[in-house]
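2 protein chains.
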Amino acid sequence: MKYPNNIQKKIQNPISYKNRGMDLEEELNLSNEYYLEIDKALIYKKPTPIGITTVSYSKQGKIIERAYFKEPSTLDYNGLYRGKYIEYEAKVTKNKTSFPLHNIHPHQITHIRKVLKHKGIVFLIIKINNLVYLLKGDDFIKYIDTHQRKSLPYDFIKTTGYLIKFGFNPPLDYLKLVDQIFFKEE
Amino acid sequence: MKYPNNIQKKIQNPISYKNRGMDLEEELNLSNEYYLEIDKALIYKKPTPIGITTVSYSKQGKIIERAYFKEPSTLDYNGLYRGKYIEYEAKVTKNKTSFPLHNIHPHQITHIRKVLKHKGIVFLIIKINNLVYLLKGDDFIKYIDTHQRKSLPYDFIKTTGYLIKFGFNPPLDYLKLVDQIFFKEE
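Chains as they are written, first to last, in this note's numbering: chain A, 436 to 621; chain B, 436 to 621.
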């Protein structure tokens with residue numbers, strides 16, 4: 436084992452996080468599983484894009500021996516709800532006063548603009564100060580187009596975003612807000 | 436290097452296939468890049484789902500040292516077109532008389548039913564006898580629900596599917612057919 440350039444880290448159990456405090460991704464994954472079970476929506480987290488450089492073949496099948504993470508050009512979650520295309524990105528910040536914009540890649544900002552143009556439902560889910568907010572894609576774009584800032588102030592998120600309440604199941608019932616925000620005219 | 440259980444295979448150039456005959460995936464990826472460029476649709480191939488077991492950290496960032504392929508539960512491609520959710524799977528068969536159904540996982544068949552129920556556009560793109568057909572999700576489901584077969588006969592694909600013509604750019608202009616098939620009432 437080499438140090439510091441090649442620290443190996445074994446992920447003991449890549450799936451179950453049941454025994455520790457849930458993070459935002461886990462809360463959303465469980466919420467999406469719940470929506471899937473009750474047949475309310477089909478929303479999945481996209482696998483992280485990777486570039487594979489080496490594979491090997493064993494009795495158990497094809498094994499990836501070496502790969503690297505690629506930068507995402509779309510958002511983390513997408514799917515189908517009430518006949519509409521829905522896509523969002525979920526991010527946590529430990530900052531208390533603002534959400535740093537380097538959390539969202541430039542490609543992803545371009546993508547949000549395109550989803551808006553093609554009439555999809557698109558938003559950010561931001562966890563800040565242990566509260567989870569839904570920020571509409573068009574509100575987000577409007578803000579960055581009119582402000583020369585490198586972060587979204589917490590005040591802006593609080594006043595423009597929508598607070599998602601925590602629950603038992605689903606942990607984050609964000610589709611209740613999607614109904615109110617994106618389907619209000621129907 | 437161990438043989439036969441651990442044959443290592445280096446993928447020299449995981450991205451460019453420019454110098455060899457294009458396969459279906461490449462044709463669809465190029466078509467989707469074209470649609471993206473002309474701002475006609477936002478359709479992406481989902482990264483193959485993998486389970487990561489070992490990562491290491493280097494100067495270049497996080498490197499995956501070991502991972503395995505997971506079985507997909509959704510279809511390969513999804514996105515947004517003309518305000519609608521669109522999803523499809525692309526498969527090639529070397530069989531000349533039929534398309535073996537083991538190419539589509541049971542989870543994927545369940546998923547196709549759900550997309551139909553939630554009013555998304557869903558279909559298969561099947562390359563057989565060097566021709567590429569679009570088969571509507573509901574035609575596919577109707578067939579497997581009424582036939583006790585392990586494959587789709589080529590005759591069924593020819594008569595029920597829609598032939599996608601090859602072109603220069605995009606190589607496979609399947610959205611032209613999507614317009615005719617799924618938007619005809621508008």
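The C-beta atom is built at its ideal place from N, Cα and C for all residues, glycine as well. The model shown is predicted, which means the values in this text are computed figures rather than measured ones.
Delimiting residues of the beta strand (DSSP E) encompassing residue i
i, result
"B:Lys626", "This structure leaves residue 626 of chain B out entirely; chain B is present only between 436 and 621."
For residue i, the first and last residue of its enclosing alpha helix (DSSP H)
i, result
"B:Leu551", "Pro541 to Lys552"
Identity of the residues DSSP links to residue i by a beta bridge
i, result
"B:Lys571", "B:Phe558"
"B:Pro605", "For B:Pro605, which the question treats as bridged, DSSP gives no partner whatsoever."
"B:Tyr597", "B:Leu569"
"B:Phe534", "B:Leu587"
"A:Tyr579", "The question names Tyr, but residue 579 of chain A in the sequence shown is Ile. A:Ile579 is not bridged to any residue."
"A:Ile563", "A:Leu566"
Beta-carbon separation (whole angstroms), residue i vs residue j, contact threshold 8 Å
i, j, result
"A:Thr489", "A:Arg501", "4 Å"
"B:Tyr390", "A:Tyr520", "Only positions 436 to 621 of chain B appear in the structure, and residue 390 of chain B is not among them; the question remains open."
"B:Val567", "B:Leu459", "7 Å"
"B:Ile599", "B:Leu612", "6 Å"
"A:Asn530", "A:Ile579", "Actually they are not in contact, since the Cβ atoms of A:Asn530 and A:Ile579 sit about 17 Å apart, beyond 8 Å."
"B:Asn464", "B:Lys481", "In fact, because the Cβ distance is near 12 Å, the residues do not count as touching under 8 Å."
"A:Lys571", "A:Ile616", "7 Å"
"A:Lys526", "A:Ile561", "6 Å"
"B:Ile485", "B:Tyr503", "7 Å"
"A:Leu477", "A:Gly518", "11 Å between Cβ atoms; not a contact."
"A:Ile547", "A:Phe591", "At roughly 16 Å, the Cβ-Cβ gap does not stay under 8 Å, so A:Ile547 and A:Phe591 are not in contact."
"B:Pro606", "B:Glu472", "Not a contact, Cβ separation roughly 14 Å."
"B:Tyr609", "B:Leu569", "6 Å"
"A:Asn604", "A:Tyr492", "Not confirmed; about 41 Å, so no contact."
"B:Ile499", "A:Ile499", "7 Å"
"B:His540", "B:Pro507", "7 Å"
"A:Pro535", "A:Thr545", "Not quite, the Cβ-Cβ distance comes to about 19 Å (not below 8 Å), so this is no contact."
"B:Thr532", "B:Tyr589", "5 Å"
"A:Leu559", "A:Asp573", "Contact doesn't hold; Cβ gap of about 11 Å is too wide."
C-beta neighbour in chain C for residue i, strict 7 Å
i, result
"B:Tyr469", "Reference to chain C is not applicable here, since the protein chains of this structure are A and B."
Residue i beta carbon near the ligand HEM (any heavy atom closer than 6 Å)
i, result
"B:Phe618", "In terms of ligand content, the structure shown is empty, and the ligand HEM therefore cannot be addressed."
Would you list, in sequence order, the uninterrupted beta strand (DSSP E) runs of no fewer than 3 residues that lie entirely inside the stretch 453 to 522 of chain A?
Taking only runs of at least 3 residues, the beta strand (DSSP E) segments lying wholly in the stretch 453 to 522 of chain A are 477 to 480, 485 to 493, 496 to 504 and 512 to 516.
With 8 Å as the C-beta to C-beta threshold (strictly closer), list the residues of the stretch 564 to 590 of chain B near chain A in chain order.
none
Below 9 Å between beta carbons is the criterion; list the residues of the stretch 537 to 551 of chain B that meet it against any residue of chain A, in chain order.
His546, Lys549 and Val550
Interface positions of the stretch 511 to 532 of chain B facing chain A (Cβ-Cβ less than 9 Å), listed along the chain
Asn513, Gly514, Leu515, Tyr516, Arg517, Gly518, Lys519, Tyr520, Ile521 and Glu522
Which residues of the stretch 605 to 619 of chain B have a Cβ closer than 8 Å to any Cβ of chain A? Give them in chain order.
none
Please name the residues in the stretch 474 to 492 of chain B whose beta-carbon is closer than 8 Å to at least one beta-carbon of chain A, in chain order.
Asp474, Ala476, Leu477, Tyr479, Lys481, Pro482, Thr483, Pro484, Ile485, Gly486, Ile487, Thr488, Thr489, Val490, Ser491 and Tyr492
Residues of the stretch 493 to 504 of chain B with Cβ closer than 9 Å to any Cβ of chain A, in chain order
Ser493, Lys494, Gln495, Gly496, Lys497, Ile498, Ile499, Glu500, Arg501, Ala502, Tyr503 and Phe504
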